[in-house]
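For reference, the structure is listed below as C-alpha coordinates.
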Amino acid sequence: MTLLEAIILGLVQGITEFLPISSSAHLILVQSMFNMTFEGLSFEILLHLASVLAVILYYRKDIYEIIRGFFAFFTNRTPQNRSMFMFAVYLIVATGITGIAGILFEDYIGETFRAPIFIALALAITGLFLIIIERFVKLGNRTEKEMTIWDSIFVGLGQCLALIPGLSRSGTTLIVGMFAGLSKETAVRFSFLLSIPVILGSSVLAIRDLTSGELLEQTTVTALGLSFLVTFVASWIGIVFFINLVRKSKLVYFAVYCFVVAILVFIFRDSLGTTDI
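Using the working numbering, read the sequence shown as starting at 33 and increasing by one per residue.
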(Lines of atoms letter the chains of each structure in order from A and count residues from 1; the text may use other names and numbers.)
(Lines give C-alpha, C1' and ligand atoms only; values in the text may rest on other atoms or scores of the structure.)
Protein backbone atom coordinates (compact mmCIF):
# COMPACT_ATOMS: atom_id res chain seq x y z
CA MET A 1 0.00 0.00 0.00
CA THR A 2 1.44 3.32 -1.09
CA LEU A 3 1.06 6.56 0.88
CA LEU A 4 -1.46 7.81 -1.68
CA GLU A 5 -3.53 4.66 -1.28
CA ALA A 6 -3.32 5.04 2.51
CA ILE A 7 -4.71 8.57 2.23
CA ILE A 8 -7.49 7.50 -0.13
CA LEU A 9 -8.59 4.60 2.08
CA GLY A 10 -8.45 6.81 5.16
CA LEU A 11 -10.62 9.43 3.49
CA VAL A 12 -13.10 6.86 2.26
CA GLN A 13 -13.43 5.17 5.65
CA GLY A 14 -13.57 8.41 7.62
CA ILE A 15 -16.07 10.26 5.47
CA THR A 16 -18.40 7.31 4.86
CA GLU A 17 -18.39 5.73 8.34
CA PHE A 18 -20.91 8.16 9.78
CA LEU A 19 -22.79 9.08 6.63
CA PRO A 20 -25.75 6.90 5.55
CA ILE A 21 -23.90 5.57 2.50
CA SER A 22 -22.12 2.46 3.92
CA SER A 23 -18.40 2.61 4.67
CA SER A 24 -17.96 -1.15 4.19
CA ALA A 25 -19.35 -0.97 0.66
CA HIS A 26 -17.07 1.93 -0.23
CA LEU A 27 -13.99 0.19 1.17
CA ILE A 28 -14.79 -2.93 -0.82
CA LEU A 29 -15.30 -0.93 -4.00
CA VAL A 30 -12.18 1.22 -3.56
CA GLN A 31 -9.99 -1.79 -2.86
CA SER A 32 -11.44 -3.49 -5.92
CA MET A 33 -10.67 -0.47 -8.10
CA PHE A 34 -7.09 -0.25 -6.77
CA ASN A 35 -6.68 -4.05 -6.74
CA MET A 36 -5.65 -4.02 -3.07
CA THR A 37 -5.98 -7.03 -0.80
CA PHE A 38 -5.53 -7.19 2.97
CA GLU A 39 -5.64 -10.59 4.60
CA GLY A 40 -7.84 -10.81 7.67
CA LEU A 41 -9.64 -7.92 9.34
CA SER A 42 -6.68 -6.06 10.80
CA PHE A 43 -6.67 -3.10 8.39
CA GLU A 44 -10.42 -2.62 8.64
CA ILE A 45 -10.17 -2.75 12.45
CA LEU A 46 -7.44 -0.10 12.45
CA LEU A 47 -9.54 2.30 10.39
CA HIS A 48 -12.64 1.69 12.48
CA LEU A 49 -10.69 2.42 15.67
CA ALA A 50 -9.69 5.78 14.19
CA SER A 51 -13.35 6.51 13.43
CA VAL A 52 -14.56 5.55 16.90
CA LEU A 53 -11.85 7.72 18.46
CA ALA A 54 -13.34 10.69 16.59
CA VAL A 55 -16.81 9.87 17.96
CA ILE A 56 -15.52 9.53 21.52
CA LEU A 57 -13.80 12.91 21.39
CA TYR A 58 -16.74 14.62 19.70
CA TYR A 59 -19.25 13.29 22.22
CA ARG A 60 -16.90 13.33 25.21
CA LYS A 61 -19.21 15.52 27.31
CA ASP A 62 -22.24 13.34 26.55
CA ILE A 63 -20.29 10.18 27.35
CA TYR A 64 -19.15 11.65 30.66
CA GLU A 65 -22.73 12.60 31.59
CA ILE A 66 -24.06 9.15 30.68
CA ILE A 67 -21.39 7.31 32.66
CA ARG A 68 -21.70 9.68 35.63
CA GLY A 69 -25.50 9.46 35.65
CA PHE A 70 -25.46 5.68 35.25
CA PHE A 71 -23.42 5.09 38.40
CA ALA A 72 -24.93 8.00 40.34
CA PHE A 73 -28.40 6.51 39.85
CA PHE A 74 -27.57 3.69 42.24
CA THR A 75 -27.21 6.15 45.14
CA ASN A 76 -29.13 9.22 44.00
CA ARG A 77 -32.21 8.46 41.88
CA THR A 78 -32.93 11.91 40.52
CA PRO A 79 -34.86 12.26 37.23
CA GLN A 80 -31.66 13.34 35.46
CA ASN A 81 -29.67 10.36 36.77
CA ARG A 82 -32.50 8.02 35.86
CA SER A 83 -32.58 9.42 32.33
CA MET A 84 -28.85 8.83 31.89
CA PHE A 85 -29.08 5.39 33.49
CA MET A 86 -31.84 4.29 31.13
CA PHE A 87 -30.07 5.80 28.12
CA ALA A 88 -27.02 3.70 28.98
CA VAL A 89 -29.25 0.62 29.33
CA TYR A 90 -30.75 1.28 25.90
CA LEU A 91 -27.26 1.49 24.39
CA ILE A 92 -26.31 -1.79 26.07
CA VAL A 93 -29.46 -3.54 24.81
CA ALA A 94 -29.00 -2.36 21.22
CA THR A 95 -25.32 -3.30 21.34
CA GLY A 96 -26.12 -6.75 22.66
CA ILE A 97 -28.59 -7.46 19.88
CA THR A 98 -26.09 -6.38 17.24
CA GLY A 99 -23.28 -8.33 18.89
CA ILE A 100 -25.25 -11.57 18.93
CA ALA A 101 -26.26 -11.12 15.29
CA GLY A 102 -22.66 -10.35 14.34
CA ILE A 103 -21.32 -13.47 16.01
CA LEU A 104 -23.98 -15.67 14.42
CA PHE A 105 -24.22 -14.26 10.91
CA GLU A 106 -21.32 -11.92 10.05
CA ASP A 107 -19.13 -14.53 8.35
CA TYR A 108 -22.02 -15.88 6.29
CA ILE A 109 -23.27 -12.43 5.32
CA GLY A 110 -19.77 -11.18 4.53
CA GLU A 111 -19.15 -14.07 2.15
CA THR A 112 -22.58 -13.98 0.52
CA PHE A 113 -23.31 -10.29 0.03
CA ARG A 114 -19.93 -8.82 -0.95
CA ALA A 115 -20.62 -9.20 -4.68
CA PRO A 116 -21.14 -5.86 -6.51
CA ILE A 117 -24.72 -6.77 -7.46
CA PHE A 118 -25.69 -7.12 -3.79
CA ILE A 119 -23.86 -3.92 -2.84
CA ALA A 120 -25.70 -2.01 -5.57
CA LEU A 121 -29.05 -3.38 -4.38
CA ALA A 122 -28.30 -2.55 -0.73
CA LEU A 123 -27.28 1.02 -1.63
CA ALA A 124 -30.48 1.47 -3.60
CA ILE A 125 -32.54 0.21 -0.67
CA THR A 126 -30.73 2.63 1.64
CA GLY A 127 -31.52 5.51 -0.71
CA LEU A 128 -35.17 4.49 -0.94
CA PHE A 129 -35.66 4.45 2.83
CA LEU A 130 -33.86 7.77 3.23
CA ILE A 131 -36.39 9.34 0.89
CA ILE A 132 -39.31 7.66 2.66
CA ILE A 133 -38.22 8.85 6.11
CA GLU A 134 -37.48 12.33 4.80
CA ARG A 135 -40.55 12.95 2.66
CA PHE A 136 -43.36 10.58 3.62
CA VAL A 137 -43.12 9.88 7.35
CA LYS A 138 -44.33 12.23 10.05
CA LEU A 139 -41.33 12.68 12.29
CA GLY A 140 -41.55 12.14 16.03
CA ASN A 141 -40.26 14.40 18.75
CA ARG A 142 -39.43 12.01 21.58
CA THR A 143 -36.12 12.68 23.35
CA GLU A 144 -33.89 10.30 25.30
CA LYS A 145 -36.01 10.99 28.40
CA GLU A 146 -39.01 9.52 26.57
CA MET A 147 -37.26 6.55 24.99
CA THR A 148 -38.37 3.01 25.85
CA ILE A 149 -36.71 -0.37 25.81
CA TRP A 150 -38.57 -1.09 22.56
CA ASP A 151 -36.79 1.79 20.85
CA SER A 152 -33.42 0.25 21.68
CA ILE A 153 -34.58 -3.17 20.49
CA PHE A 154 -35.83 -1.78 17.17
CA VAL A 155 -32.64 0.22 16.61
CA GLY A 156 -30.51 -2.79 17.55
CA LEU A 157 -32.37 -4.98 15.07
CA GLY A 158 -32.04 -2.27 12.43
CA GLN A 159 -28.32 -2.07 13.05
CA CYS A 160 -28.06 -5.81 12.40
CA LEU A 161 -29.00 -5.11 8.79
CA ALA A 162 -25.80 -3.08 8.44
CA LEU A 163 -23.88 -6.35 8.47
CA ILE A 164 -24.78 -6.39 4.77
CA PRO A 165 -22.30 -4.26 2.76
CA GLY A 166 -24.19 -1.37 1.25
CA LEU A 167 -26.61 -0.98 4.14
CA SER A 168 -25.20 1.83 6.25
CA ARG A 169 -24.95 1.38 10.02
CA SER A 170 -25.59 5.05 10.69
CA GLY A 171 -28.32 5.07 8.05
CA THR A 172 -30.23 2.05 9.34
CA THR A 173 -30.06 3.12 12.99
CA LEU A 174 -31.13 6.67 12.12
CA ILE A 175 -34.00 5.51 9.90
CA VAL A 176 -35.29 2.97 12.42
CA GLY A 177 -34.98 5.46 15.28
CA MET A 178 -36.97 8.07 13.38
CA PHE A 179 -39.55 5.50 12.30
CA ALA A 180 -39.95 4.63 15.99
CA GLY A 181 -40.84 8.24 16.73
CA LEU A 182 -37.57 9.62 18.05
CA SER A 183 -36.65 13.18 17.18
CA LYS A 184 -33.90 13.68 14.62
CA GLU A 185 -31.49 14.93 17.26
CA THR A 186 -32.15 11.98 19.57
CA ALA A 187 -31.94 9.43 16.76
CA VAL A 188 -28.63 10.88 15.52
CA ARG A 189 -27.16 11.08 19.03
CA PHE A 190 -28.21 7.52 19.85
CA SER A 191 -26.85 6.28 16.52
CA PHE A 192 -23.44 7.88 16.97
CA LEU A 193 -23.06 6.87 20.63
CA LEU A 194 -24.16 3.34 19.70
CA SER A 195 -21.29 3.15 17.22
CA ILE A 196 -18.76 3.28 20.09
CA PRO A 197 -19.52 -0.04 21.82
CA VAL A 198 -20.38 -1.72 18.51
CA ILE A 199 -17.11 -0.80 16.81
CA LEU A 200 -15.02 -1.41 19.93
CA GLY A 201 -16.77 -4.73 20.49
CA SER A 202 -16.16 -5.94 16.94
CA SER A 203 -12.54 -4.81 17.24
CA VAL A 204 -12.05 -6.80 20.44
CA LEU A 205 -13.55 -9.89 18.81
CA ALA A 206 -11.02 -9.59 15.98
CA ILE A 207 -8.07 -8.38 18.07
CA ARG A 208 -6.07 -11.47 17.08
CA ASP A 209 -5.97 -10.20 13.50
CA LEU A 210 -4.76 -6.79 14.64
CA THR A 211 -1.96 -8.15 16.82
CA SER A 212 -0.85 -11.00 14.58
CA GLY A 213 1.69 -8.88 12.71
CA GLU A 214 0.37 -9.94 9.31
CA LEU A 215 -0.67 -6.40 8.47
CA LEU A 216 2.90 -5.11 8.74
CA GLU A 217 3.93 -7.80 6.29
CA GLN A 218 1.55 -6.27 3.74
CA THR A 219 2.36 -2.57 4.22
CA THR A 220 4.47 -0.14 6.28
CA VAL A 221 4.06 1.55 9.67
CA THR A 222 4.16 4.94 7.94
CA ALA A 223 1.30 4.04 5.61
CA LEU A 224 -0.77 2.62 8.48
CA GLY A 225 -0.16 5.67 10.67
CA LEU A 226 -1.06 8.03 7.84
CA SER A 227 -4.23 6.10 7.06
CA PHE A 228 -5.22 6.14 10.76
CA LEU A 229 -4.67 9.91 11.01
CA VAL A 230 -6.56 10.67 7.81
CA THR A 231 -9.44 8.43 8.93
CA PHE A 232 -9.66 10.24 12.27
CA VAL A 233 -9.76 13.71 10.71
CA ALA A 234 -12.18 12.66 7.96
CA SER A 235 -14.45 10.96 10.53
CA TRP A 236 -14.64 14.16 12.58
CA ILE A 237 -15.55 16.14 9.46
CA GLY A 238 -18.12 13.50 8.51
CA ILE A 239 -19.79 13.68 11.94
CA VAL A 240 -20.11 17.47 11.86
CA PHE A 241 -21.25 17.46 8.22
CA PHE A 242 -23.90 14.79 8.79
CA ILE A 243 -25.36 16.37 11.93
CA ASN A 244 -25.70 19.73 10.15
CA LEU A 245 -27.43 18.20 7.12
CA VAL A 246 -29.83 16.13 9.23
CA ARG A 247 -30.89 19.27 11.09
CA LYS A 248 -31.63 20.92 7.75
CA SER A 249 -33.65 17.91 6.48
CA LYS A 250 -31.23 17.12 3.68
CA LEU A 251 -31.22 13.31 3.85
CA VAL A 252 -32.46 13.25 0.28
CA TYR A 253 -28.96 14.31 -0.85
CA PHE A 254 -27.58 11.06 0.55
CA ALA A 255 -30.41 9.15 -1.12
CA VAL A 256 -29.47 10.56 -4.52
CA TYR A 257 -25.82 9.69 -3.91
CA CYS A 258 -26.75 6.11 -2.97
CA PHE A 259 -28.77 5.74 -6.18
CA VAL A 260 -25.94 7.12 -8.33
CA VAL A 261 -23.33 4.82 -6.77
CA ALA A 262 -25.71 1.85 -7.00
CA ILE A 263 -26.20 2.46 -10.72
CA LEU A 264 -22.45 2.81 -11.32
CA VAL A 265 -21.70 -0.35 -9.36
CA PHE A 266 -24.34 -2.24 -11.33
CA ILE A 267 -23.02 -1.00 -14.67
CA PHE A 268 -19.38 -1.81 -13.87
CA ARG A 269 -20.08 -4.92 -11.75
CA ASP A 270 -18.10 -7.26 -13.99
CA SER A 271 -14.95 -5.18 -13.80
CA LEU A 272 -15.19 -4.61 -10.05
CA GLY A 273 -15.26 -8.22 -8.91
CA THR A 274 -14.78 -8.74 -5.16
CA THR A 275 -11.93 -8.00 -2.80
CA ASP A 276 -11.31 -9.17 0.72
CA ILE A 277 -10.79 -6.41 3.25
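Quick reminder that beta carbons are idealized off the backbone N, C-alpha and C, glycines included.
These figures come from a predicted structure and were not determined experimentally.
{"Asked": "Proximity below 8 Å, CB of Gly188 to CB of Phe291", "Found": "no"}
{"Asked": "Supposed contact pair Leu162 and Ala294 - C-beta distance, whole angstroms, cut 8 Å", "Found": "No, Ala294 and Leu162 are not in contact; Cβ-Cβ is about 12 Å, not under 8 Å."}
{"Asked": "Pairwise C-alpha distance: Glu178 and Ser64", "Found": "45 Å"}
{"Asked": "Whole runs of the alpha helix (DSSP H) within the segment 118-203, excluding any shorter than 4 residues", "Found": "148-167 and 181-192"}
{"Asked": "Buried or exposed by the 16-neighbour rule on C-beta atoms within 10 Å, applied to Lys280", "Found": "exposed"}
{"Asked": "Cβ separation of Ile271 and Phe50, assumed to be a contact under 8 Å, to the nearest whole Å", "Found": "5 Å"}
{"Asked": "Leu214 in three-state terms, based on DSSP", "Found": "strand"}
{"Asked": "Contact between the segment 114-127 and the segment 167-182 (3+ Cβ pairs under 8 Å)", "Found": "yes"}
{"Asked": "Start and end residues, alpha helix (DSSP H) containing Thr48", "Found": "Leu35 to Glu49"}
{"Asked": "DSSP state of Tyr90 mapped onto helix, strand, coil", "Found": "helix"}
{"Asked": "Rounded separation between Ile53 and Arg109 - CA only", "Found": "40 Å"}
{"Asked": "First and last residue of the uninterrupted alpha helix (DSSP H) at Arg279", "Found": "Val253 to Arg279"}
{"Asked": "Exposure label - Ile309; buried when at least 16 CB within 10 Å", "Found": "Only weak support is given to the placement of Ile309: the predicted model assigns it a pLDDT of 38, under 50, and the question is left unresolved by the model."}
{"Asked": "First and last residue of the uninterrupted alpha helix (DSSP H) at Ile299", "Found": "Leu283 to Ile299"}
{"Asked": "Endpoints, the alpha helix (DSSP H) within which Phe66 is located", "Found": "Ser55 to Phe66"}
{"Asked": "Check whether Met210 and Gly172 have beta carbons under 8 Å apart", "Found": "yes"}
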